[in-house]
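Report on one structure; see the data block that follows.
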Amino acid sequence: MFHKSYPQWYPARQSIRLDPKGKCVRDEEVLQTLPVGTTATFYFKDLGPQVGWTAVFLTEYAGPLFIYLLFYSRLPFIYEEEYDFTTSPHTVVHLAGFCHSFHYVKRLIETLFVHRFSHGTMPLRNTIKNCFYYWGFTAWLAYFINHPLYTPPLYGDQQVNVAL
């Protein structure tokens with residue numbers, strides 16, 4: 001009903017409330033069942049641009065996969081020139097790259113083939129914050145693990161095998 005009068009605010013972008021700072025009225029609720037008298041004041045809040053959950057998760061999970069691989073391949077603009085496109089002599093670095101990549105490939109596949117979402121959208125602003133978190137943390141992690149001066153754990157493969 002509200003969308004017909006104001007088409008610029010599509011339903012996923014709307015929040016209707018009984019109290020300005022209260023919870024939203026759920027889509028399933030009927031006016032007659034709401035705890036109000038004969039008259040009620042409804043408050044409208046624009047939730048902003050929305051993004052579908054599948055797009056959110058694909059964006060959040062594809063970023064770390066590619067960012068980690070940029071550091072793993074030691075591109076020229078990341079580390080010093082003498083280490084351009086070199087590989088680490090440490091097995092644990094390659095194992096970390098495999099585990100990180102496997103984790104995010106698994107999440108991407110789950111997003112495409114397993115997950116079903118109850119609410120169709122997420123605010124674009126939250127998507128940007130989440131991507132900044134996932135992508136930034138991955139860059140921080142990958143920088144140090146793939147650094148040319150990285151040293152493996154003190155007890156070598158024993159410590160890594162116990163951790164796995």
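Numbering of the sequence shown is given in the UniProt record's numbering, commencing with residue 1 and proceeding in unit increments.
We put the beta carbon where it would ideally sit given N, CA and C, even for glycine.
Since the model is a prediction, treat every value here as computed from it, not as a measurement.
Query	Result
Consult DSSP for residue 17 and reduce its assignment to one of helix, strand or coil.	strand
Starting from residue 84, trace the alpha helix (DSSP H) in both directions and tell me its first and last residue.	No alpha helix (DSSP H) contains residue 84, which DSSP labels as neither H nor E.
Who are the Cβ neighbours of residue 80 in its own chain at under 8 Å, not counting the five residues just before and after it?	148
Kindly confirm or deny that the region 101-110 and the region 53-69 touch, where touching means at least three C-beta pairs closer than 8 Å.	yes
Classify residue 43 as helix, strand or coil using the three-state DSSP reduction.	strand
Three or more C-beta pairs under 8 Å: does that hold for the region 52-67 against the region 137-148?	yes
Kindly indicate which residue of 15, 96, 114 has the alpha-carbon position closest to the one of residue 141.	96
Among 122, 162, 89, 150, whose alpha-carbon lies nearest the alpha-carbon of residue 46?	122
Is DSSP giving residue 22 helix, strand or coil here?	coil
Note down, in chain order, each residue of its chain lying with its Cβ closer than 6 Å to the Cβ of residue 127, except the 5 sequence neighbours on either side.	51, 56
Under 7 Å Cβ to Cβ from residue 54, same chain only, skipping five residues before and after it: list those, please.	111
Helix, strand or coil: how does DSSP classify residue 91 here?	helix
With C-beta atoms as the reference, is residue 124 less than 7 Å away from residue 49?	yes
Can you look up residue 123 in the DSSP assignment and give me helix, strand or coil?	strand
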